[in-house]
Amino acid sequence: MDNSSDLFRRLEQLNTIGAALSKERDIDRLLETILVAAKTITHADGGTLYRTTEDGKALRFEILRTDSLHIAMGGTTGNAINFPNLPLTKENGESNDSMVAAYAAIHDKTVNIVDAYTEAGFDFSGTRSFDERTGYRSQSFLTVPMKNHEGEIIGVLQLINALDPTTHQVNPFSTADQSLAESLASQAAIALTNRLLITQLEELFEAFINLINLAIDEKSPYTGGHCQRVPALTMMLAEGVDATTEGPLASFKMDERDRYELKIAGLLHDCGKVTTPVHVVDKATKLQTLFDRIQLIDTRFEVLKRDVEITALRKQLALREAGERQADARIWREYHEEVRILDADREFLRKSNVGGETMSEADQQRVRDIGSGRKWRNVDAVETEFLTADEVVNLTIRAGTLTLKERDIINHHIVATIRMLEQLPWPKHLTRVPEYAGGHHERMDGKGYPKGLTREQMSLQARMMGIADIFEALTARDRPYKQGMKMSQAMGIMLNFKKNGHIDPDLFDVFVKQGIYRKYAEQFLDPVQIDEVDENALLGAA
Numbered sequence: 019m020d021n022s023s024d025l026f027r028r029l030e031q032l033n034t035i036g037a038a039l040s041k042e043r044d045i046d047r048l049l050e051t052i053l054v055a056a057k058t059i060t061h062a063d064g065g066t067l068y069r070t071t072e073d074g075k076a077l078r079f080e081i082l083r084t085d086s087l088h089i090a091m092g093g094t095t096g097n098a099i100n101f102p103n104l105p106l107t108k109e110n111g112e113s114n115d116s117m118v119a120a121y122a123a124i125h126d127k128t129v130n131i132v133d134a135y136t137e138a139g140f141d142f143s144g145t146r147s148f149d150e151r152t153g154y155r156s157q158s159f160l161t162v163p164m165k166n167h168e169g170e171i172i173g174v175l176q177l178i179n180a181l182d183p184t185t186h187q188v189n190p191f192s193t194a195d196q197s198l199a200e201s202l203a204s205q206a207a208i209a210l211t212n213r214l215l216i217t218q219l220e221e222l223f224e225a226f227i228n229l230i231n232l233a234i235d236e237k238s239p240y241t242g243g244h245c246q247r248v249p250a251l252t253m254m255l256a257e258g259v260d261a262t263t264e265g266p267l268a269s270f271k272m273d274e275r276d277r278y279e280l281k282i283a284g285l286l287h288d289c290g291k292v293t294t295p296v297h298v299v300d301k302a303t304k305l306q307t308l309f310d311r312i313q314l315i316d317t318r319f320e321v322l323k324r325d326v327e328i329t330a331l332r333k334q335l336a337l338r339e340a341g342e343r344q345a346d347a348r349i350w351r352e353y354h355e356e357v358r359i360l361d362a363d364r365e366f367l368r369k370s371n372v373g374g375e376t377m378s379e380a381d382q383q384r385v386r387d388i389g390s391g392r393k394w395r396n397v398d399a400v401e402t403e404f405l406t407a408d409e410v411v412n413l414t415i416r417a418g419t420l421t422l423k424e425r426d427i428i429n430h431h432i433v434a435t436i437r438m439l440e441q442l443p444w445p446k447h448l449t450r451v452p453e454y455a456g457g458h459h460e461r462m463d464g465k466g467y468p469k470g471l472t473r474e475q476m477s478l479q480a481r482m483m484g485i486a487d488i489f490e491a492l493t494a495r496d497r498p499y500k501q502g503m504k505m506s507q508a509m510g511i512m513l514n515f516k517k518n519g520h521i522d523p524d525l526f527d528v529f530v531k532q533g534i535y536r537k538y539a540e541q542f543l544d545p546v547q548i549d550e551v552d553e554n555a556l557l558g559a560a
């Protein structure tokens, strides 16, 4: 192949490499691609890519390759480079011009050396030491600074030993090699800078998301953990579906952009809770508002008990002159019986105030009877019913601690989430975040909220988030109104949800078959919650 044909081929390689660099998202792979590409188009046997340190005072080894010695360090290899950084200045403050890579960075100048052993002006003692240890012969060097769009040096590309493609003899780097390397270094610097800027923007964006979750966490310690655990479980389920090779979900695959979009949706799925009143989120008992109003009812019982005692004492005083000892004793017995009934009613209301799974109709009616059947004299000396209408409504909540109105307030957070997310100017690769995040309270049968979507109207990712949200809520240990369920109990409830059209049946099967629930439990649940689960029963149910 003549020189012109070879140069044309290498120019085509350069164009191809430039396009590839612009698409790479991973920093390590990007750096690796830059060095390997530079070696390829210049026929170099080895090379090193340096990046300037954060303080701009030194060069840090990032990637190192020497093909003939089978040396590959840094980047995606997993082999760390333990060489010290190259300082750009000496201890006396002078420029470190003796190190060729430092010189190129300091002076923004390409250095093309024919033979390191005969070159004057640079310190190649480290190179000679390396050669002595390995039997290598470092000869030609091409060192090119990498400069970003603002003219700042962000790294150095150094190539060693240009090889003849046919004879593999070491040659000097040609003028064409230098031009190609400089062109590649320029493209690489732009690609690296763009990738770093995008990464910084993504980190800033995620920091804002975490700031929102921190605000929710600070507002209520009962929901902060939820904001972190649901996205983690969602991603576990998504990876499980991606790994599935058979069944109705075998065709589902995710790339890095898909993963990032789902991750962001998971982190933002409850951002609307910043609008939810904290006394509703933290409502640990039925009568709790800013404080637990059971204390007010306790005080009323004490007032009733004192009224009963005063009444009894007055009756006894009236009998003193008559000397009716039996009547006197009967009054005292009646007093103690009335106190016993009052204490029983108070204890019953205390237990009713603690939210549970279900409250029987009989117990609900007993609350109403106590509320309307007993009277007490309030602070205005007016005789009134013992319980207010609001207290009766709260104490007769059938399950949990929230009234229907309060549940509507809680449920409104998803409306707020959708509204907030739809206001943001999402880039193309994140446009589905509002739909993913806003669908985790929908049901497969269309009975969910806020839009009443059916399974067919929802993305698979939104259905994944729905399963993650439910399982996390069932097993969470930090709720104010309940303890975290054991794994088997939670999975039994999930099975019922699968049967009644609440959650996606195919996703639930993956949740079980891939052991995702157990993987999550081992990472997030208390060991006492982790018990045996009959997977055959979960998968075999109709």
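Numbering (the numbering used here), first residue to last: 19 to 560. Backbone N, C-alpha and C fix where the C-beta goes; we use that ideal spot for every residue, glycine too.
(1) Check P295 in the structure and name its three-state DSSP category.
(2) Since N1 is in the beta strand (DSSP E), which residue starts that stretch and which ends it?
(3) Along the beta strand (DSSP E) that carries K393, what are the first and last residues, could you check?
(4) Determine the burial state of T184: buried for a count of at least 16 other Cβ atoms within 10 Å of its Cβ, exposed for fewer.
(5) With a threshold of 8 Å, are at least 3 pairs of Cβ atoms found where one atom belongs to the region 146-162 and the other to the region 90-108?
(6) Do I428 and T294 have their beta-carbon atoms positioned less than 8 Å apart in this structure?
(7) Within 10 Å of its beta-carbon, does I388 have 16 or more other beta-carbons around it, so buried, or fewer, so exposed?
(8) G243: which of F529, T493 and P545 sits nearest, CA to CA?
(9) For the beta strand (DSSP E) containing I89, name the first residue and the last one.
(10) Assign D398 to buried or exposed, taking buried as 16 or more other Cβ atoms, counted over all protein chains shown, within 10 Å of its Cβ.
(11) So M512 is in the alpha helix (DSSP H); what residue range does that whole segment cover?
(12) Enumerate in chain order the residues of its own chain whose CB-to-CB distance from F489 is below 7 Å, with the five nearest sequence positions on each side excluded.
(13) Do L77 and N103 have their C-beta atoms closer together than 8 Å?
(14) Near Q547, which residues of its chain fall below 8 Å by C-beta distance, leaving aside the five closest residues on each side in sequence?
(15) Answer yes or no: do T60 and L214 have a C-beta to C-beta separation smaller than 8 Å?
(16) Leaving out the 5 sequence neighbours to the left and right, which residues in its chain are closer than 6 Å to E553 when beta-carbon positions are compared?
(17) Over the uninterrupted alpha helix (DSSP H) stretch that includes P102, give me the two end residues.
(18) Thinking T435 and D288 are a contact (beta carbons under 8 Å), I'd like their distance in whole angstroms, please.
(19) If distances are taken between C-alpha atoms only, which option among E352, R386 and A491 comes closest to E327?
(20) Can you tell me the Cα-Cα spacing of G265 and N231, whole angstroms?
(21) For H171 versus T263, is the C-beta spacing smaller than 8 Å?
(22) Please state whether DSSP places D141 in a helix, a strand or coil.
(23) One question on the structure: do M117 and D133 come within less than 8 Å of each other, judged by their Cβ atoms?
(24) With a threshold of 6 Å on Cβ separation, who are the neighbours of E356 within its own chain once the five nearest residues in sequence on each side are excluded?
(25) Three-state secondary structure (DSSP) at K75?
(26) Find the nearest neighbour of Q246 within the set K281, D346, E274 and M272, judged by alpha-carbon distance.
(27) On the DSSP bridge assignment, give the partners of P163 in chain order.
(28) Is the region 317-326 touching the region 449-468, taking contact as three or more C-beta pairs under 8 Å?
(29) Quick one, are the C-beta atoms of T419 and K301 less than 8 Å apart?
(30) Using a Cβ-Cβ cut-off of 8 Å (strictly less than) and excluding sequence neighbours within five positions of I312, which residues of its own chain qualify?
So, from the listed chains and residues:
(1) coil
(2) This structure cannot settle anything about residue 1, because the visible part of the chain is limited to 19 through 560.
(3) K393 to R395
(4) With fewer than 16 other Cβ atoms from the protein chains shown falling within 10 Å of its own Cβ, T184 counts as exposed.
(5) In this structure the region 146-162 does not touch the region 90-108; the number of beta carbon pairs closer than 8 Å is below three.
(6) Cβ atoms of T294 and I428: closer than 8 Å.
(7) buried
(8) T493
(9) I89 to G92
(10) Residue environment for D398: exposed (fewer than 16 other C-beta atoms within 10 angstroms of its C-beta).
(11) M505 to K517
(12) L251, A508, M512 and Y535
(13) yes
(14) T493, R495, G502, M503, K504, M505 and A539
(15) Cβ atoms of T60 and L214: not closer than 8 Å.
(16) Contacts found: V530.
(17) For P102, there is no enclosing alpha helix (DSSP H), as DSSP marks it with neither H nor E.
(18) 7 Å
(19) E352
(20) 36 Å
(21) Residue 171 is actually Ile in this sequence, not His. Going by C-beta atoms, I171 is not nearer than 8 Å to T263.
(22) coil
(23) Not a contact, by the Cβ cut-off of 8 Å.
(24) V326
(25) coil
(26) K281
(27) Note: P163 sits in a beta bridge opposite V174.
(28) Short answer: they don't touch.
(29) Yes.
(30) So the list reads T303, L305, L367, R368 and N371, once near-sequence residues are dropped.
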